[in-house]
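Engineer:
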Amino acid sequence: MKLVLLGISTLLLAACGGGSASNKETPITPPPEPLPIKQVVKNAINVFDDNVAINQAVELFLYYPQTEINNIEWNQLSGEPVTFLTPNSKGIAFTPTSSGNYVFEASFTTENGNTETLTHELDVTDSVSSISARLGHVVSEGNKVSLRTSVASNLPINTISWKQTSGPQVTLTDTNTSGKTAIFFNAPNVEQDTFITFEVSVSTDNTIYRDTVAVLVENKNEINNNALFDERVSDTFAYNPDSPYKNSLVDCVYNNNITISSNCTLNKLPLIAHDTVTPSIDDIMDRVVVSHQWMGDRFKTFLEQYDIHNDLKNMLRATTAIVISYDVRPSFYWGATGAIYLDPDNFWLTPEERDTLNEAPDYRASFGNDLQFDIPWRYVRNNDYLSTYISEDTRRSRDIDDGVYRAIGLMYHELAHANDFFPKSRWFTLDKSKRINAAISSPIQSDILSQMHPLNGNEMRALAQVSFHGASATPTQKSYTPQDIAHFFSTEAAPQYYNYSSIREDYAMLFDGFMMKARYNIDRDVAITNRVNTGGSASDYIVEWGQRGRISDEDIKPRVAFVVERILPEFNDFHPILDNLPAPIAMASGKSWIDNLDISPSSAPKSLAKAQVSSQTRAANQNRPINEFRLLFEEKTMPTK
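Note that our numbering has the sequence shown beginning at 424, numbered continuously upward.
1) Candidates Leu1004, Met738, Thr811, Ser666: which alpha carbon is nearest Glu977's?
2) Given a cut-off of 8 Å, decide if Ile745 and Ala759 are closer than it, judged by their beta-carbon atoms.
3) Can you tell me whether Ile731 is buried or exposed, with buried defined as 16 or more other CB within 10 angstroms of its CB?
4) Looking at Gly972 and Ile1008, is the spacing between their C-beta atoms short of 8 Å?
5) Leaving aside the five residues before and after Val711 along the sequence, list all residues of the same chain whose C-beta is less than 6 Å from its C-beta, in chain order.
6) Buried or exposed: Leu435, going by 16 or more other Cβ atoms within 10 Å of its Cβ?
7) In this structure, how does DSSP classify Glu837 when only helix, strand and coil are distinguished?
8) Any heavy atom of the ligand FMN closer than 7 Å to the beta-carbon of Ile745?
9) Beta carbon of Leu639, beta carbon of Asp616: below 8 Å?
10) Under three-state DSSP, which class holds Tyr749?
11) Does the separation of the CB atoms of Ala605 and Ser569 fall below 8 Å?
12) Taking the beta carbon of Gly590 as the centre, do at least 16 other beta carbons fall within 10 Å, making it buried, or is it exposed?
13) Assign Arg829 to one of three DSSP states: helix, strand, or coil.
14) In terms of residues, what are the limits of the beta strand (DSSP E) holding Arg971?
15) Which word fits Gln874, buried or exposed, when buried means at least 16 other C-beta atoms lie within 10 angstroms of its C-beta?
16) Using only CA atoms, which one of Gln489, Ser848, Arg804, Glu782 lies nearest to Arg947?
17) So the candidates are His910, His560, Ser555, Thr518; which of them puts its Cα closest to the Cα of Leu545?
18) Can you list the beta strand (DSSP E) stretches of 3 or more residues lying completely in the stretch 922–1002, in chain order?
19) Across which residues does DSSP place Asn498 in a beta bridge pair?
20) Taking contact to mean 3 or more Cβ pairs, one atom from each stretch, closer than 8 Å, check whether the stretch 874–885 and the stretch 771–783 are in contact.
21) From the DSSP output, which residues share a beta bridge with Gln587?
22) Rounded to the nearest angstrom, what separates Ser902 and Ile908 at their Cα positions?
23) Should Pro579 be labelled buried (16 or more other beta-carbon atoms within 10 Å of its own) or exposed?
24) Could you please give the first and the last residue of the uninterrupted beta strand (DSSP E) stretch that includes Ser550?
25) Please report how far the alpha carbon of Arg819 lies from the alpha carbon of Thr852, in whole angstroms.
26) Taking the beta strand (DSSP E) that Thr635 belongs to, which residues open and close that run?
27) Using only the alpha-carbon positions, how far apart do Ser1012 and Leu595 sit?
28) Am I right that Ser924 and Phe891 are in contact with their C-beta atoms under 8 Å? What's the rounded C-beta distance?
29) For a test of the three-state rule: what should DSSP assign to Thr506, helix, strand or coil?
30) So, helix, strand or coil for Ile707, using DSSP?
31) Exposed or buried, what is Phe796 when buried is set at 16 or more other beta-carbons lying within 10 Å of its beta-carbon?
32) Going by alpha carbons, who is nearest to Pro377 out of Gln970, Asn769, Ala741?
33) Assign Ser521 to buried or exposed, taking buried as 16 or more other Cβ atoms, counted over all protein chains shown, within 10 Å of its Cβ.
34) Going by beta carbon distance, what residues of the same chain come within less than 7 Å of His715, once the five residues before and after it are set aside?
35) I need the straight-line Cα distance from Asn478 to Ile583, nearest angstrom please.
36) So, at 6 Å on beta carbons, what are the nonlocal neighbours of Asn781 in its own chain, with the 5 sequence-adjacent residues on each side left out?
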């Protein structure tokens, strides 16, 4: 997401489709005619196919293109109960798992104040769909959109094909859709609410299976030239409708109307610390903004079950809000609003929840492709990954434990940024009449770190601008081999490559790496490997140099102590933990990234069940994206005060 840069300040803040044509089988010869798109009916519920099979996603849309409708509420009146996660939107989508008659009701208020109620009935046949496109939904013009299809396991994925069948022409991020299970695009500008539909097909020697997915694009006001968020963001709402900050949250943290001159002072939206220095989970949830209710539900459960040391609640005191929205990718903190923005991919548990996320690739994914090396990292404990990788093409639920440690590490990181700009020592000296970003006072804590315990490594700092900020690689940088990078990095006082991204990131990475070890006995691996730009498995990355637990390097420990003392003063007994950390463990040069998992001494014998789980976990992780964590965070540039 691009942001307006309103000056030369360089304070860096670390920082889908549904229902459709029925599952018809058609001989390849002669070629089938394009599927007809059902006539769109104004001021009514629209469904693009009433003939739906089991496991075939379907969506229903309220289509009122020439009037505003509000207070929308969808309810199911009959049929096997289904899950739809946008009950207050113009569109709902779900995937039926049983045949039968389904009836849905939508009530809403028109702009003249009248209340209306509409119903729609559809039948789900007892056949099982071989292909399903999902998740049909409502987007604002300019929003990022992702749509994905799932196909039966006996069908050849390499024959998948997508084509747009109605609506304003869109430009796909990758125009080569052959064999792709997902497509990505930005919703076009529209004069009024407008449907866009796509057909996806998969074929065998003599049969084509098809499905259609629809997206309703909403017309929105133009974005102000001075808007802080200068690309369209999603509609969000306060998770707690009774929050005393309900209106301030919506106005001040995530919309396209916020400008540098907006009246979002600390009086209007104060830090949580200004209300209480011992916040409860309910206090925290009063500051949560979401695009989908489930995101807030999962975040609340996460805090209830896993913030066992109260670290996160204490650190959240330095924020004004927590935003969890389907279009936040990657996560970031922004001092302009005082809020943290979390990618909900960290919190989903069911395939239906995952369906509501935008999967658009991180815009930085191709940065550094001209370089000859990669520097992956991962969280490990007991010689294994902490979670099982679940491919986007796999429709299965996950346990909350599967994603929790990634979420904890993410929170430690983003909240380190918040407490960098708003440390506890300054909470009650801030001028609350000032706008949030103007209330930040110098020097920033990370600036002090860079002066007292600087990172050197000019080569690594310059390379980080290529890998994380998109700078063009110089001929010299393109010539660096993994051996060269190992020479540069191994003698430095940075636990990870991302520390070189900026002074702010250096500060946060030191903190989150130590906290994961101190609180959960979780190590972070880092390695210098060859680069594999075209995919591949973890076994394709050959380690030149690597370490586990680098946070305990003697040159890094003083830097860690500096940040922990300032970010979380409540953790006043951390020094013995830091002093007694075991020395880093070296990886075996010449072995693959996956083969360097078994490098820690066994702390306890594994049971047979544990060994089986470990085997399954490793099999799944063979195809885990090697850079899944390399681009976990984002940096934002502060507008001028």
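We put the beta carbon where it would ideally sit given N, CA and C, even for glycine.
Structural biologist: In terms of the structure at hand:
1) Comparing Cα-Cα distances from Glu977 to each of Leu1004, Met738, Thr811, Ser666, the minimum goes to Leu1004.
2) no
3) exposed
4) yes
5) Tyr662, Gly719, Ile745
6) Its pLDDT being 35, under 50, Leu435 is placed unreliably by the model, and the measurement read from it follows with that caveat. Within a 10 Å sphere around the beta-carbon of Leu435 sit 16 or more other beta-carbons, which makes this residue buried.
7) helix
8) Within the structure as shown, the ligand FMN is missing, as the structure has no ligands at all.
9) yes
10) In this structure, Tyr749 counts as coil in the three-state DSSP scheme.
11) yes
12) buried
13) Note: Arg829 maps to helix in three-state DSSP.
14) 966–971
15) exposed
16) Out of Gln489, Ser848, Arg804, Glu782, Arg804 has the C-alpha closest to the C-alpha of Arg947.
17) Nearest C-alpha to Leu545 among His910, His560, Ser555, Thr518: Thr518.
18) 946–953, 966–971
19) Secondary-structure assignment with DSSP links Asn498 through a beta bridge to Glu528.
20) no
21) Phe621
22) 11 Å
23) exposed
24) 538–551
25) 49 Å
26) 631–641
27) Answer to the nearest angstrom: the Cα atoms are 41 Å apart.
28) 5 Å
29) Of the three classes helix, strand and coil, the one that applies to Thr506 here is coil, per DSSP.
30) helix
31) Per the 10 Å Cβ criterion, buried.
32) Outside the displayed range of the chain (424 to 1064) lies residue 377, so it cannot be described from this structure.
33) With fewer than 16 other Cβ atoms within 10 Å, it is exposed.
34) Leu508, Thr509, Tyr749, Thr779
35) 18 Å
36) Hits under 6 Å: Lys567, Ser569, Tyr749, Asp750.
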